[in-house]
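Asker: Just so we're aligned, residue 1 is where the sequence shown starts under the numbering used here, counting upward by one.
Pasting a structure below so you can have a look.
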Amino acid sequence: MSHSVSGPGPAGGLIFDLFHTLTPAPSRVELPAHTSALLGIPRARWEQALFSETRARLTGQVREPLAILHDITDRIDAGFSDEQLTAVALERARRFEVMLTAIPAETLDTLAELRRRGWSLALLSNADAMEAAPWPRSPLAPLFHRALFSCDIGCAKPEPESYRLALDALELPAERCWFLGDGGSNELLGAREAGLCTILVSEVLEELWPERLSVRRRQADFQVRRLAELLQPGSPLG
């Protein structure tokens, strides 16, 4: 990471990733079983299909829970029945309900303070319709000026159009905005290419995928472990 980057000051915009950036670390919350475990699929293979092979799900071309699960599992094992996947869909919905409602108070307080300091906040999330469904009930929702989900906007990070739509939503140019995320889906590289300064938020990454940390550090201009560090003296946000 280069710490010589000079980024925008207050009254600019902050564009946040959602999952593994604002949602709680697994060690901080009791989550329902992971979908891959319920199906007996190795988690690494599930994540490969989830993040790299299911654009229709991510961009909203497939929206029904059963169809979403088929979009993922059919790339791994086409032998799952509708009955099996319908039951698993209920558990997957519960998992994302918890993820989006059990937000740490520290995260909420940090976002509220950033707003108080004059920052405009946008959410830019790669999420299917099931993953995004609990958003209106999340305590995060009132803190954001705009929220954009890939399943609604028809494109996903790191595609340039997704960042352009987020900037348009904030009515700000890239040079006045930061992108903050854990770096999944090459989102930090995409943000840089869109002209945004980037901040890696690494707490969940360090817990789940520490082996990916060194690569993602190189894709970011700055790093914080937890969001509260953004409020401290010497923060990249000033």
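Glycine included, each C-beta is placed from N, C-alpha and C at the ideal position.
1) Among residues of its own chain, excluding the 5 on either side of alanine 37, which ones have a beta-carbon nearer than 8 Å to its beta-carbon?
2) Residue range of the beta strand (DSSP E) that threonine 198 falls in?
3) Select from Arg95, Leu200, Ala56 the residue whose C-alpha is nearest the C-alpha of aspartate 17.
4) Which term fits threonine 110, buried or exposed, when burial requires 16 or more other beta carbons within 10 angstroms of its beta carbon?
5) Cβ of arginine 94 within 7 Å of Cβ of proline 32?
6) Measuring straight from C-alpha to C-alpha, what distance separates alanine 228 and arginine 75?
7) Tell me the rounded alpha-carbon separation between aspartate 221 and glutamate 211.
8) Out of Asp152, Ile103, Ser162, Ala112, which one is the CA nearest neighbour of arginine 137?
9) I need the straight-line Cα distance from threonine 73 to serine 52, nearest angstrom please.
10) Using C-beta distances below 7 Å, list every residue in its chain close to alanine 112, excluding the 5 sequence neighbours before and after it, in chain order.
11) For alanine 78 and glutamine 219, I'd like the C-alpha separation in whole angstroms.
12) Please name the residue, chosen from Gly60, Ala147, His20, that lies closest to alanine 169 on a Cα-to-Cα basis.
13) List the residues that DSSP assigns as beta-bridge partners of glycine 118.
14) On the CB-based measure, 16 or more other CB atoms within 10 Å of its CB, does proline 65 come out buried or exposed?
15) Between the region 78–88 and the region 191–198, can you find at least three pairs of beta-carbon atoms closer than 8 Å?
16) So for methionine 1, helix, strand or coil by DSSP?
17) Between the Cα of leucine 180 and the Cα atoms of Val224, Arg28, Thr59, Gly12, which residue gives the shortest distance?
18) Can you give the Cα-Cα distance for alanine 11 and serine 120, rounded to whole angstroms?
19) Spell out the partners DSSP gives valine 224 in its beta bridges.
20) In angstroms with no decimal places, state the Cα-to-Cα distance between glutamine 61 and leucine 22.
21) Take serine 162 as the anchor and find which of Arg55, Leu213, Ala191 has the nearest alpha-carbon.
Answerer: This is what the structure holds:
1) Arg43
2) 197–201
3) Leu200
4) buried
5) yes
6) 39 Å
7) 19 Å
8) Ile103
9) 13 Å
10) Leu143
11) 36 Å
12) Ala147
13) BP columns for glycine 118 are empty, so no partner.
14) buried
15) no
16) With a pLDDT of only 38 at methionine 1, under the threshold of 50, the placement of this residue in the model should not be trusted; the figure read from the coordinates follows. Note: methionine 1 maps to coil in three-state DSSP.
17) Val224
18) 7 Å
19) Val201
20) 26 Å
21) Ala191
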